[in-house]
Every structure is written in C-alpha cells, then in structure tokens.
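Have a look at the structure below before the remarks.
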Amino acid sequence: MEMTKPFDTLNASKGKRVVIELTKEKRRLIGTLKAFDQHINVVLEETEEYLDGELKSKLGSVFLRGAAILYISPAN
Amino acid sequence: MEMTKPFDTLNASKGKRVVIELTKEKRRLIGTLKAFDQHINVVLEETEEYLDGELKSKLGSVFLRGAAILYISPAN
Amino acid sequence: MEMTKPFDTLNASKGKRVVIELTKEKRRLIGTLKAFDQHINVVLEETEEYLDGELKSKLGSVFLRGAAILYISPAN
Amino acid sequence: MEMTKPFDTLNASKGKRVVIELTKEKRRLIGTLKAFDQHINVVLEETEEYLDGELKSKLGSVFLRGAAILYISPAN
Amino acid sequence: MEMTKPFDTLNASKGKRVVIELTKEKRRLIGTLKAFDQHINVVLEETEEYLDGELKSKLGSVFLRGAAILYISPAN
Amino acid sequence: MEMTKPFDTLNASKGKRVVIELTKEKRRLIGTLKAFDQHINVVLEETEEYLDGELKSKLGSVFLRGAAILYISPAN
Amino acid sequence: MEMTKPFDTLNASKGKRVVIELTKEKRRLIGTLKAFDQHINVVLEETEEYLDGELKSKLGSVFLRGAAILYISPAN
C-alpha cells in the first residue's frame, strides 16, 4: 500500500476552498488556500471568519500562523 | 524482549480507522489514517468530528497538526 | 499553477495598513506593517489597539512578538 | 552512589502496567508500556482511560504524544 | 522602499521609556529599555508595574523573559 | 565569589527527599530524587502526591516530564 | 551609549536577594540568587514563597525552571 505524506495532502488543496479550525475559541476561517510553508504558516484568500458558527467578518487575504491551526479540511 | 518504536505502531494503523483525541475541548476525530510525519502531523480521510461524544460534522479529508493531538487509538 | 510562499504575501503588505488578531483575549492591533522577521516578530507604526472591537489606545510604534499573533490581514 | 538516567527507569517498566497522568483535565491512562521514544511519545496496550477516577473507556492500543504526559508510574 | 528589521526598531528604543504588555493577566511594565537579546529577554530600569491600568509596584531593575512579552511600544 | 550551576544544585539533592511543585493545579510530589536529565525529566522513588496540601496517593516510582515541573526543593 | 546584555544584569544580582514573579497564579519567590543558566533555570537559597502577597512557605534552596519565570527583579 503506497502512502502519501501529510504535506502532499495540503498541496492537493492549493487553489481550493478549505476550512481551518483555529486553536483559539470556536473560531474558523474559510478561504482559498494560496500558500503554506513547513511551519504550516498558511495564506488564505477571500477569507470568511466564523465564530460559534456565525459569519463574523470578511477578511480578504490572511496570513495565518501555524501555531494557530488545529486542522485544515477541504470546504464542502 | 523485543520492543517496537512508537512510530511502528502508528505505521500499523495506516489505512485503518483511528480515534484521535484532541487537546482542545472534549473533541475527537474518527477517520481513516492516511499519512503522518515525524511531527505527528496526521492526515485522516472520511473523518467524523465529535464534541462531547456527539457527532458534530463530517469533514472528509483532514490535515491535523501534531500539536493538536492528545492520543491516537484504533477505532473499535 | 504557480504558488507563492506565505512570506511573499507578508512582503506584499509592507508599508500598508494591516489588522493583526492576537492570541490573547479579543485583542487586535491595526497599524502600518513596517518590518517582520522569520519568527514573525512584527513592527507596526501608527498602531491602534482594539479590545472587543473598541478602540482602547493609540500606541504609535509597536514591536510585536510572533508568538502573540493569530493572523495578519490587510486592513480594509 | 551510582545514579541511573530517567530513561533507564522507563525501560525497566516496558512490558509492565503503568499509570500515565495526562496534562489535560483529571485524565489518566492505565496500560501496558509497549514502547517510547526520546520525545516520550508512548505506546500503551490494553489501555483503560479514567476521568476523575472513573473508568471512561477501554482503548486497546494507544499512541500518546509526549506533550500530553504529566508523569508515568508503575501501576500497583 | 527600504525596510528595517524588527530588532532595529528595538535598538532605536534603547535608553528610552517603553511600555511592555505581558502575556499574563492585564499586566504591563513601563521602564527604561536597557538591554535585550535574540530571545527578546529584556532588561528594564526604573520599572513600574501596572495591573488593570493601576500602578501596582515600583520594581527598579527587571529581567523579563521573552516568552512573557506580548508587545513593546515606546511610552508616550 | 564562586558560583555553582543550577544542575550542580540538583545533583546535590540526588538520593534525598525533594518537593516538586507541578505546573498543573495545586499539585506536588514528594519523593526521593533518583535521576534527572538535561530536559529536567526526573525520576522519584517512594513518591507521595499531594493535591491542595492533602495526600492524594502513594505512587512509588515516578517518571516526571520536565515540562510538568515548576520548581524542585529539598523536603524539610 | 554602551549597552549591556540581559544576562550581565542577572550576573550582577548573583549573591543578592531577588523577587521572581512566576507564570503560575499570583505566585512569587523571594530568595538569594545563587546560580542560573542559559535557559534561565535558576537556583535560589533561603527562599520564601508568596501567594497573593501572603507568605505561604519557607523553601530553603529552590531549583526553578526557566519556563516558570515571568520576571526577576532585585528585592528592595
């Protein structure tokens, strides 16, 4: 069974909409994954910020520190 | 007595369903372990997210940061 | 598809107004991005500090530790 | 007086039942110590999870991140 | 456009009064910036400590760990 | 004035009873200091665990992670 | 203007009484600074521990982990 590396999976999401759950509060960002590095610092575009499931603000481009991230998942 | 390394155990779970207990809240993910690296960054597929034991959402593919993980255990 | 690095995005914001959401409380700084380094230590100028959405103080120049930062986004 | 290293003590517990107190909540795992590495990532087998002293679940094999561990002690 | 490095900005504050917001509680120190290193460990002199905006104590010289610092800003 | 290094002081406590205050809750361990390493991972023997000043359990041998330790002091 | 390094300041406090504010609770230690290393692990002697400003216990010699320290200041 051939296995991929975690970063391959992130690469496959580049240019696509992703949900990023943050470590702080019940906060998540939904945006287009533009770039990431080995510290999982991430750049999103056309980003929406949700708090407790409610749209809180539209942020445009966001540079997000890896330490702020719980998980990244493709947006449905 | 021959002893295995912790990562050998994770390797044996690749392709199988695992429960991952997170450090944040009473939150756990159940999914198929697709990949992991030395920082214990993990990729799950067909993932379900539980909060306080209740199914909260179906996430599909998830890239999970190692720092977010308390433990990983095979799903029963 | 050509992809940029996260730090390229930060570079493009130099000299411009940015919003920085902090890890502590509901606290954010808005200021002109003057400089940053690989630890994402940041210098802002003409900085305003907001707490729960209310302007709390005008800080002028601020040296902000990377560990204090959740995300950085261009100010609208 | 001849002194041992901390990891020698862990080695002596391999194959035996240990109690692991976690950093999160009043949570502890009791299981058979199968493996550990230099980051104190640990593998337990036939693991029971206790919350506030009450048996919460039987987990079988568990890969536990070192950062999640407060202390490890032989089970009585 | 010529950009400075974050540490250049700190250097320019040496010998001057600065406000340092701490990560712990609503706590800040105001003092004369005497020295700092690459971990942003800082030495202040003639330091005043404020809690929730009220002067709590006069500390004289203070060695402050970088991990305790949210941001550093020139005192008005 | 001749100064010792912090680890010299720990060495001098080997084989003696020490109090270890933990970072989690009002929790302390009292035991015989058997071993420690450069990460201040510690092994205690004949260990007693106290919570809010009350004896909670007798643990025998304990492997304690350095990150769990606030301070170590000789027991009176 | 000649500037000193932060550790020079700590060196100048060796053998003298210092106040150390801890990251945990409103807790501080007052003792004679005996030794420290590059991680700011510190040894105090004739140490008194204060909680919310009240003397809680006399500890004698204390090995204090750097991560537990907010700041160090000469005792008045």
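Those protein sequences? They're chains A, B, C, D, E, F and G, same order as listed.
Oh and the first sequence: position 50 is 50 in our numbering, straight run, nothing missing.
Oh and the second sequence: position 52 is 128 in our numbering, straight run, nothing missing.
Oh and the third sequence: position 64 is 216 in our numbering, straight run, nothing missing.
Oh and the fourth sequence: position 20 is 248 in our numbering, straight run, nothing missing.
Oh and the fifth sequence: position 39 is 343 in our numbering, straight run, nothing missing.
Oh and the sixth sequence: position 47 is 427 in our numbering, straight run, nothing missing.
Oh and the seventh sequence: position 34 is 490 in our numbering, straight run, nothing missing.
Glycine residues also receive a C-beta, built at the ideal position from the N, C-alpha and C atoms.
Bear in mind the structure is a predicted one, so any value in this text is a computation, not a measurement.
query: If you draw a straight line from the C-alpha of residue 228 of chain C to the C-alpha of residue 199 of chain C, how long is it?
result: As a first step, residue 228 of chain C must be located in the third sequence, where it is residue number 76. As a first step, residue 199 of chain C must be located in the third sequence, where it is residue number 47. The alpha-carbon atoms of residue 228 of chain C and residue 199 of chain C are separated by roughly 15 Å.
Cβ of residue 453 of chain F within 9 Å of any chain D Cβ = Locating residue 453 of chain F in the sixth sequence gives position 73, counting from the first residue. Cβ-Cβ to chain D under 9 Å: no for residue 453 of chain F.
Exercise. Are residue 297 of chain D and residue 261 of chain D touching if we call contact CB-CB under 9 Å?
Worked result: Translated into the one-based positions of the fourth sequence, residue 297 of chain D becomes position 69. Translated into the one-based positions of the fourth sequence, residue 261 of chain D becomes position 33. For residue 297 of chain D and residue 261 of chain D, no; Cβs fall outside 9 Å.
| Given that a residue counts as buried once 16 or more other Cβ atoms are within 10 Å of its Cβ, and exposed if not, what is residue 207 of chain C? | On the third sequence, position 55 is the one that residue 207 of chain C refers to. Exposed: under 16 other Cβ atoms inside 10 Å.
Notebook entry, point to check: Are the C-beta of residue 35 of chain A and some C-beta of chain B separated by less than 9 Å?
Noted result: Start at 1 with the first residue of the first sequence, and residue 35 of chain A comes out as number 35. Chain B contact via Cβ: absent.
Alpha carbon to alpha carbon, how far is residue 382 of chain F from residue 390 of chain F? Residue 382 of chain F sits at position 2 when you count from the first residue of the sixth sequence. Residue 390 of chain F sits at position 10 when you count from the first residue of the sixth sequence. Because residue 382 of chain F carries a pLDDT of 44, less than 50, the predicted location of this residue cannot be relied on, and the following value inherits that uncertainty. Spanning the two alpha carbons is a distance of roughly 17 Å.
Under 7 Å between beta-carbons, which chain D residues line up against residue 441 of chain F? List them in chain order, please. Locating residue 441 of chain F in the sixth sequence gives position 61, counting from the first residue. Within chain D, the residues near residue 441 of chain F are 237, 301, 302.
Item checked: Outcome for residue 25 of chain A when other beta-carbon atoms lying within 10 angstroms are tallied against a minimum of 16 -> Start at 1 with the first residue of the first sequence, and residue 25 of chain A comes out as number 25. With fewer than 16 other Cβ atoms within 10 Å, it is exposed.
ask   = Listing by chain order, which chain E residues have their CB less than 8 Å from the CB of residue 217 of chain C?
value = As a first step, residue 217 of chain C must be located in the third sequence, where it is residue number 65. What residue 217 of chain C touches in chain E: 344, 370, 373, 374, 375.
Output, in sequence order along the chain, the residues in the segment 344-361 of chain E whose CB is closer than 7 Å to any CB in chain G.
345, 346, 347
Check your understanding: With 9 Å set as the bound, which would you pick, yes or no: does the beta-carbon of residue 24 of chain A sit closer than that to a beta-carbon of chain C?
Key -> Walking along the first sequence from the start, residue 24 of chain A turns up at place 24. For residue 24 of chain A, the answer is yes, since a Cβ of chain C falls inside 9 Å of its Cβ.
key: chain E within 9 Å of residue 170 of chain C, Cβ atoms only   = In the third sequence, residue 170 of chain C corresponds to position 18, counting from 1. Not an interface residue.
Tell me which residue opens and which closes the beta strand (DSSP E) that residue 479 of chain G is part of.
Here residue 479 of chain G refers to the residue found at position 23 when the seventh sequence is read from its first residue. Per DSSP, residue 479 of chain G belongs to no beta strand (DSSP E) and is neither H nor E.
- Item | Selection from C/212, C/191, C/175 that minimises the alpha carbon distance to residue 183 of chain C | Here residue 183 of chain C corresponds to residue number 31 of the third sequence, with the count starting at 1. When only C-alpha atoms are compared, the closest one is C/212.
Legend entry - Nearest-angstrom Cα separation, counted from residue 367 of chain E out to residue 403 of chain F: In the sixth sequence, counting from the first residue as 1, residue 403 of chain F sits at position 23. In the fifth sequence, counting from the first residue as 1, residue 367 of chain E sits at position 63. Taking the straight line from one Cα to the other gives about 22 Å.
inquiry  = Against chain A, does residue 157 of chain C count as a neighbour if the rule is that its beta carbon must be under 9 Å from one of theirs?
reply    = Here residue 157 of chain C is taken as the residue at index 5 of the third sequence, counted from 1. Judged by the 9 Å Cβ criterion, residue 157 of chain C is in contact with chain A.
What three-state label does DSSP hand residue 155 of chain B in the structure shown?
In the structure displayed, chain B extends from 77 to 152; residue 155 of chain B sits before or after that span and is not available.
*C-alpha distance - residue 401 of chain F paired with residue 90 of chain B, whole-angstrom precision*: Along the sixth sequence, one-based indexing puts residue 401 of chain F at 21. Along the second sequence, one-based indexing puts residue 90 of chain B at 14. Roughly 40 Å between the two C-alpha positions.
| message | Considering only the alpha carbon of each residue, which of C/193, C/210, C/205 lies closest to residue 323 of chain E? | response | Residue 323 of chain E sits at position 19 when you count from the first residue of the fifth sequence. Cα-wise, what sits closest to residue 323 of chain E is C/210.
Backbone CA spacing between residue 81 of chain B and residue 266 of chain D [nearest angstrom]:
Taking the first residue of the second sequence as position 1, residue 81 of chain B is located at position 5. Taking the first residue of the fourth sequence as position 1, residue 266 of chain D is located at position 38. Straight-line Cα distance between these residues: approximately 10 Å.
Ignoring anything shorter than 3 residues, give me the beta strand (DSSP E) runs that lie fully in the segment 253-290 of chain D, in order along the chain. 255-264, 270-279
Inter-residue CB distance, residue 19 of chain B and residue 103 of chain B (contact presumed, cutoff 8 Å): The requested residue 19 of chain B does not occur in the structure, where chain B is confined to residues 77 to 152.
Figure out for me which residue from C/187, C/181, C/194, C/217 has the closest Cα to the Cα of residue 344 of chain E.
The count along the fifth sequence starts at 1 and reaches residue 344 of chain E at position 40. Measuring from the Cα of residue 344 of chain E, the nearest candidate turns out to be C/217.
Worksheet item: Based on the DSSP output, what are the partners of residue 64 of chain A in its beta bridges?
Response: Numbered from its first residue, the first sequence carries residue 64 of chain A at position 64. Per DSSP, A/42, C/223.
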